[in-house]
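Novice:
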Amino acid sequence: MPDTEEIDGDVYVSPRYLAASTSTGDPALEPLLALGFDLRHDDLGNVYVTAPDHRVRLGYLPEGDDDGLWRINAYKDSFGPPEWGVCFNDRVPTEFVRAFTTALAEAYERGPDAYLARPAAGVDEHDPFLAVVPVLKQGWEIDRPRWGVFAVQSPDGFAGLEFTTGDLDPETELTTRDARWQMWAGKSIDRPVWYATASTDTPVALLTAITECVADPAPLPRWREETFSYIKGMAQLTPILPPGPPAPTPLDVRRAAASRRPAALPAASVPRWSTTSRPALPRPRR
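Quick note: the sequence shown uses my numbering, first residue 3, plus one each step.
#1: Please specify which runs of the beta strand (DSSP E), each continuous and at least 3 residues long, are wholly inside the stretch 24-81, giving them in chain order.
#2: Can you tell me whether Thr174 is helix, strand or coil according to DSSP?
#3: Spatial neighbours of Val94 within its chain, please: C-beta separation below 7 angstroms, excluding the five flanking residues on both sides.
#4: Please work out which residues of its chain come closer than 6 angstroms, Cβ to Cβ, to Trp86, disregarding the five sequence neighbours upstream and downstream, and give them in chain order.
#5: Between the stretch 106-124 and the stretch 52-65, can you find at least three pairs of beta-carbon atoms closer than 8 angstroms?
#6: Classify Arg224 as buried or exposed, calling it buried when 16 or more other Cβ atoms lie within 10 Å of its own Cβ.
#7: Can you check whether the CB of Ala105 is closer than 7 angstroms to the CB of Ala211?
#8: Under 6 angstroms: does the beta carbon of Ile233 sit that close to some heavy atom of the ligand ZN?
#9: Pull up the distance between the alpha-carbon of Leu35 and that of Asn48, whole angstroms please.
#10: Short of 7 angstroms in beta carbon distance, which residues of its chain neighbour Leu209, apart from the five on each side in sequence? Order them along the chain.
#11: Return the Cβ separation of Leu46 and Glu111 in integer angstroms, given the expectation that the two are a contact with Cβ distance under 8 angstroms.
#12: How should Glu8 be labelled, buried or exposed, when 16 other C-beta atoms within 10 angstroms of its C-beta is the threshold for buried?
#13: Who pairs with Glu164 in a beta bridge, going by DSSP?
#14: If we count the other Cβ atoms within 10 Å of its Cβ and call it buried at 16 or more, is Arg18 buried or exposed?
#15: Taking the beta carbon of Leu41 as the centre, do at least 16 other beta carbons fall within 10 Å, making it buried, or is it exposed?
#16: Give me the Cα-Cα distance between Gln238 and Phe131, rounded to the nearest whole angstrom.
#17: Quick check on Ser16: does DSSP put it in helix, strand or coil?
#18: Assign Val195 to one of three DSSP states: helix, strand, or coil.
#19: Can you give me the Cβ contacts of Gly11 inside the same chain, cut-off strictly under 7 angstroms, excluding the 5 residues immediately before and after it?
#20: DSSP three-state label for Asp145, please.
#21: Quickly, what does DSSP pair Ser201 with across the bridge? List them, please.
#22: Please work out which residues of its chain come closer than 8 angstroms, Cβ to Cβ, to Ala123, disregarding the five sequence neighbours upstream and downstream, and give them in chain order.
#23: Taking only the alpha-carbon atoms, compute the straight-line gap between Asp69 and Pro245 and give it to the nearest angstrom.
#24: Under the rule that 16 or more other beta-carbon atoms within 10 Å means buried, what is Glu32, buried or exposed?
#25: Looking at Gly27: is its Cβ nearer than 7 angstroms to the Cβ of Tyr62?
#26: For Leu239, which of helix, strand or coil comes out of DSSP?
#27: Rounded to whole angstroms, what's the CA-CA distance from Gly150 to Ala21? Just pull it up for me.
#28: Give the straight-line distance between the Cα atoms of Glu228 and Lys234, rounded to the nearest whole angstrom.
#29: State the start and end residues of the unbroken beta strand (DSSP E) segment that holds Pro95.
#30: Cβ atoms of Pro147 and Thr213: under 7 angstroms apart, would you say?
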């Protein structure tokens, strides 16, 4: 466990999918900036991050037209339409976005065959079902909420993941919530506190990075007074207690024992035997 002085919060939020954004985008931008992605911003405070070859682009848009705070696209042709797109709204836990950008940075380093790898049912690591496995391992239950939709839901009913089958309009997937994949937390998918969407051709490895982070049983640290950073009334908050004193070393034990040992007392005077007889004591007078 990290020292409490290093933890950015005074409570742990569990389950972690009931946390929300920390309102700090830097941690999620770092994996891409470390690869030399270019960072620019406009006069409104929106941030734009672009890969050196312009085939991966990220927008951090606090002043955008909707609640889609993070929009990330990848391109086969830097001047063509996106091959895939992912969107995180403004309440998604920052840790989930960082998990995605970290996986994206790793895929980008491997090249287009990795960050443009299309999902393919039944094909090893590209099978879309692999993205669902992490949450199934945590007890999420399979559901069929409506025709053409495969879904899994958390045991408490406060989070879910949906996969829509059939043909979808590529442009609609990139600009609305009607995408191939949608993950959410809150009372229902119709009234989510946070949501994330991914279009049809989003690589399975990138999707799995999100679901693995969501399924992680470890809680997330937050500040109790910052109620925007967790879903109040649903999330369980546990105080982060200061660490106890460190366990004593063997040397500490020896020193403590020495300090408790009483000081040596001076030797008592003990009469010694002698071969000479004592002089007779005078008798009392009558």
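Glycine included, every Cβ here is placed at the ideal spot set by N, Cα and C.
Specialist: Quick look at the numbers:
#1: 40-43, 49-52, 58-62, 70-76
#2: helix
#3: Ser23, Trp196, Ala198
#4: Ala76, Ser201, Asp203, Thr204
#5: yes
#6: buried
#7: yes
#8: The model on display carries no ligand, and the ligand ZN is accordingly not part of it.
#9: 16 angstroms
#10: Ala133, Trp183, Ala200
#11: Actually they do not touch by this definition, with Cβ atoms about 32 angstroms apart.
#12: exposed
#13: Ala153, Gln184
#14: buried
#15: exposed
#16: 30 angstroms
#17: strand
#18: strand
#19: Pro223, Arg224, Trp225, Ile242
#20: strand
#21: Beta-bridge pairing links Ser201 to no other residue.
#22: Asp129, Pro130, Phe131
#23: 39 angstroms
#24: exposed
#25: yes
#26: strand
#27: 30 angstroms
#28: 10 angstroms
#29: Neither: Pro95 is in no beta strand (DSSP E) and is coded neither H nor E.
#30: no
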